[in-house]
Structure formats: C-alpha cells, structure tokens
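> Protein chains in written order, with my numbering: chain A, 6 to 126; chain S, 6 to 120.
Quick reminder that beta carbons are idealized off the backbone N, C-alpha and C, glycines included.
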Amino acid sequence: GAVVSQHPSWVICKSGTSVKIECRSLDFQATTMFWYRQFPKQSLMLMATSNEGSKATYEQGVEKDKFLINHASLTLSTLTVTSAHPEDSSFYICSARDVRDTFSNLNSPLHFGNGTRLTVT
Amino acid sequence: AQSVSQHNHHVILSEAASLELGCNYSYGGTVNLFWYVQYPGQHLQLLLKYFSGDPLVKGIKGFEAEFIKSKFSFNLRKPSVQWSDTAEYFCAVNKKNTGFQKLVFGTGTRLLVSP
C-alpha cells in the first residue's frame with residue numbers, strides 16, 4: 006500500500022532553534038499534503054494544507070511565519086518550526102493523498118506518516 | 006463547525022472481551038466517517054470507512070462500525086478483542102465530496118487489552 010515516510014520520528018531541540026520535519030510519499034505522488042499537530046490528550050488538529058508549487062493554506066490560529074511549509078516536489082513537503090519554544094512541543098503528523106485519487110475519487114482516505122515527536126527544552 | 010466526540014479516553018479490557026468505542030459527530034450535512042488506529046510506534050492506519058450504503062461497515066481485523074444517522078453516531082465494535090488490538094483509536098469525519106479533505110478527528114481512545 007501507499008507509504009508516507011516522516012523524518013525524524015523524534016527530535017529534541019533547544020528553545021530558539023529551528024527544526025525541520027520532512028514528509029515524503031514513497032510510492033506515489035501527492036500534490037497535496039496535510040500537516041497535523043496533536044497535543045497530549047487532545048485530538049489531531051489540522052495545521053495547514055501543503056500544495057505542491059504554491060503557498061500553503063494555514064488553519065485559523067496557526068502562525069504561518071512560525072510554521073514554514075514548503076512543498077517543492079510531488080513527493081516531499083517540509084514543515085519547519087522556527088524559533089521553537091517549549092509550547093511548540095507536540096506530536097506532528099503529515100498525511101498525503103495520491104494524486105491519482107484526487108481526480109478519480111474525491112473521498113479517498115489519506116495516507117499518514119508515523120509522526121514526529123518534538124520536544125523543545 | 007464540525008466536531009467529533011469520543012467519550013471514552015481510556016478503555017481497559019481482558020482478551021476475548023467485547024469492545025464498543027463511542028463516536029458522535031456534530032454536523033448536519035452529508036459526511037464520510039472513518040476510524041483510524043495507531044499502534045504503538047506506528048503510523049495512523051485506516052481501520053474502516055463509511056461513505057454510503059449499508060450502515061454496518063466491516064473493516065480489517067474483525068472490526069465493524071455502525072452508522073446511525075439519527076444519533077449522529079459511528080461506534081466501533083469488535084466481538085472479541087486480542088492483546089494485539091492494544092492501540093489508540095481515532096474517529097474522524099469530513100464533508101462528503103470536498104476533494105482535498107479536512108478530516109476532523111476525535112480526541113482518541115486508548116485501548117489496553119490485557120492478556
């Protein structure tokens with residue numbers, strides 16, 4: 006089945022530094038990827054929609070300058086947490102839709118990465 | 006705005022016990038419904054989905070869910086759980102035919118099955 010690789014799986018960084026998280030679709034192309042964040046005991050919340058070759062669409066309340074998203078190719082989207090602070094510590098998950106499903110089945114489910122646990126000290 | 010409620014945050018069962026996890030959503034329009042499972046250290050995987058048709062949906066690993074439109078519910082069931090079912094389960098909803106989906110997730114239910 007379709008595989009989405011997310012790297013790193015966990016990262017610890019110091020406050021004020023930036024962290025980049027990669028999301029790759031390994032055996033399919035994805036014009037659209039989604040970035041979610043999950044705080045402890047809370048649900049996955051959509052942060053932004055990453056569109057290949059264009060600007061990401063951010064959900065209300067998500068700072069675009071803090072969470073930089075780049076979707077430079079059909080198989081790679083990156084999320085950079087800039088000037089990280091302890092309150093940014095969370096579990097970040099990406100998901101992707103196969104570009105073939107985009108046109109053939111608008112209701113096809115997404116493929117998820119394993120997630121990245123970010124801890125900011 | 007859509008929301009999804011999973012009332013059981015933690016469930017502990019013995020092997021062979023029956024399982025039912027509740028999921029209620031608040032959205033008046035036509036929706037697609039999903040259950041995802043996340044095993045320890047692994048990615049979210051689709052367990053089953055409902056788009057239309059028979060409201061009783063069969064998924065992988067013996068799971069099933071029933072869509073009751075009048076109750077806005079999509080509860081997950083399994084007649085006899087196994088230790089390997091220990092995982093976190095997420096119910097999710099999205100508007101039908103939206104194309105680029107914005108899944109709305111519940112808070113998740115952590116299931117622990119003791120051998």
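(1) Pick helix, strand or coil for residue 68 of chain A, following the three-state DSSP scheme.
(2) Under 8 Å between the Cβ atoms of residue 112 of chain S and residue 47 of chain A?
(3) What did DSSP end up calling residue 74 of chain S once you bin it into helix, strand or coil?
(4) Within the chosen definition, does the stretch 92-99 of chain S reach the stretch 26-39 of chain S through at least 3 CB pairs nearer than 8 Å?
(5) For a contact meaning CB atoms closer than 8 Å, what does residue 117 of chain A contact in chain S?
(6) Does DSSP put residue 16 of chain A in a helix, in a strand, or in coil?
(7) For residue 11 of chain S, count neighbouring Cβ atoms within 10 angstroms of its own Cβ and tell me buried if that reaches 16, exposed if not.
(8) Shorter than 8 Å from the beta carbon of residue 108 of chain S to some beta carbon of chain A?
(9) When you compare only the Cα positions, how much space is there between residue 59 of chain A and residue 19 of chain S?
(10) Take residue 14 of chain S and list the residues in its own chain whose beta-carbon comes closer than 8 Å to its own, dropping the five residues that flank it on each side.
(11) What span of residues does the beta strand (DSSP E) with residue 96 of chain S cover, start to end?
(12) Output yes if chain A places a C-beta closer than 8 Å to the C-beta of residue 95 of chain S; else output no.
(13) Quick check: what's the CA-CA separation for residue 118 of chain A versus residue 8 of chain A?
(14) Quick check: what's the CA-CA separation for residue 73 of chain A versus residue 57 of chain A?
(15) So, helix, strand or coil for residue 27 of chain A, using DSSP?
(16) Considering only their Cβ atoms, is the gap separating residue 91 of chain A from residue 14 of chain A smaller than 8 Å?
(17) Can you look up residue 57 of chain A in the DSSP assignment and give me helix, strand or coil?
(18) Using a beta-carbon distance cut-off of less than 9 Å, what residues from the stretch 87-104 of chain A approach chain S?
(19) What separation, rounded to the nearest whole angstrom, lies between the Cα atoms of residue 103 of chain A and residue 35 of chain A?
(20) Based on Cα-Cα distance, which residue from S:42, S:73, S:95, S:109 lies nearest to residue 89 of chain S?
(21) Let me see if you follow: with CB-CB separation under 8 Å, is residue 1 of chain S close to chain A or not?
(22) So, is residue 63 of chain S buried or exposed, given that buried needs 16 or more other C-beta atoms within 10 angstroms?
(23) Just tell me which of S:30, S:110, S:57, S:94 has its CA closest to the CA of residue 24 of chain S.
(24) Quick one: which chain S residues come within Cβ less than 8 Å of residue 46 of chain A?
Quick answer:
(1) What you label residue 68 of chain A is simply residue 63 of the first sequence in a count that begins at 1. Note: residue 68 of chain A maps to coil in three-state DSSP.
(2) If you number the second sequence from 1, residue 112 of chain S lands on position 107. If you number the first sequence from 1, residue 47 of chain A lands on position 42. Contact annotation: residue 112 of chain S and residue 47 of chain A have beta-carbon atoms nearer than 8 Å.
(3) Counting from one through the second sequence, the residue named residue 74 of chain S turns up at place 69. For residue 74 of chain S, the three-state secondary structure derived from DSSP is helix.
(4) The stretch 92-99 of chain S vs the stretch 26-39 of chain S: in contact.
(5) Indexing the first sequence from 1 puts residue 117 of chain A at position 112. Within 8 Å Cβ-Cβ: 41, 48, 49, 50.
(6) For the purposes of this step, residue 16 of chain A is identified with residue 11 of the first sequence, where counting begins at 1. DSSP places residue 16 of chain A in strand when its eight states are reduced to three.
(7) In the second sequence, counting from the first residue as 1, residue 11 of chain S sits at position 6. Buried is the call here.
(8) Working through the second sequence from its first residue, we reach residue 108 of chain S at position 103. By this cut-off, residue 108 of chain S is an interface position.
(9) Locating residue 59 of chain A in the first sequence gives position 54, where the first residue counts as 1. Locating residue 19 of chain S in the second sequence gives position 14, where the first residue counts as 1. Going by the C-alpha atoms only, they are around 50 Å apart.
(10) Locating residue 14 of chain S in the second sequence gives position 9, counting from the first residue. Same-chain partners within the cutoff: 112, 113, 114, 115.
(11) Indexing the second sequence from 1 puts residue 96 of chain S at position 91. Here the beta strand (DSSP E) through residue 96 of chain S covers 92-100.
(12) Translated into the one-based positions of the second sequence, residue 95 of chain S becomes position 90. At least one chain A Cβ lies under 8 Å of residue 95 of chain S.
(13) Here the question's residue 118 of chain A lines up with position 113 in the first sequence. Here the question's residue 8 of chain A lines up with position 3 in the first sequence. Going from the Cα of residue 118 of chain A to the Cα of residue 8 of chain A covers about 8 Å.
(14) The count along the first sequence starts at 1 and reaches residue 73 of chain A at position 68. The count along the first sequence starts at 1 and reaches residue 57 of chain A at position 52. In a straight line, the C-alpha of residue 73 of chain A is about 14 Å away from that of residue 57 of chain A.
(15) As a working note, residue 27 of chain A is residue 22 in the first sequence. Strand at residue 27 of chain A.
(16) Position 9 of the first sequence, counting from 1, holds the residue named residue 14 of chain A. Position 86 of the first sequence, counting from 1, holds the residue named residue 91 of chain A. In terms of Cβ geometry, residue 14 of chain A and residue 91 of chain A do not form a close pair [threshold 8 Å].
(17) As a working note, residue 57 of chain A is residue 52 in the first sequence. DSSP places residue 57 of chain A in coil when its eight states are reduced to three.
(18) Using a CB distance below 9 Å, the part of the stretch 87-104 of chain A facing chain S consists of 98, 100, 102, ordered along the chain.
(19) Locating residue 103 of chain A in the first sequence gives position 98, counting from the first residue. Locating residue 35 of chain A in the first sequence gives position 30, counting from the first residue. Approximately 5 Å between the Cα atoms of the pair.
(20) On the second sequence, residue 89 of chain S is found 84 positions in, with the first residue counted as 1. Per the Cα distances, S:42.
(21) Look at the range of chain S in this structure, 6 to 120, and you will see that residue 1 of chain S is not part of it.
(22) To locate residue 63 of chain S, count along the second sequence from 1; it is residue 58. Around the Cβ of residue 63 of chain S, a 10 Å sphere holds fewer than 16 other Cβ atoms; the residue is exposed.
(23) The residue given as residue 24 of chain S occupies position 19 in the second sequence. Checking every option, the nearest Cα to that of residue 24 of chain S belongs to S:94.
(24) Here residue 46 of chain A corresponds to residue number 41 of the first sequence, with the count starting at 1. Near residue 46 of chain A (Cβ distances below 8 Å), the residues of chain S are 14, 112.
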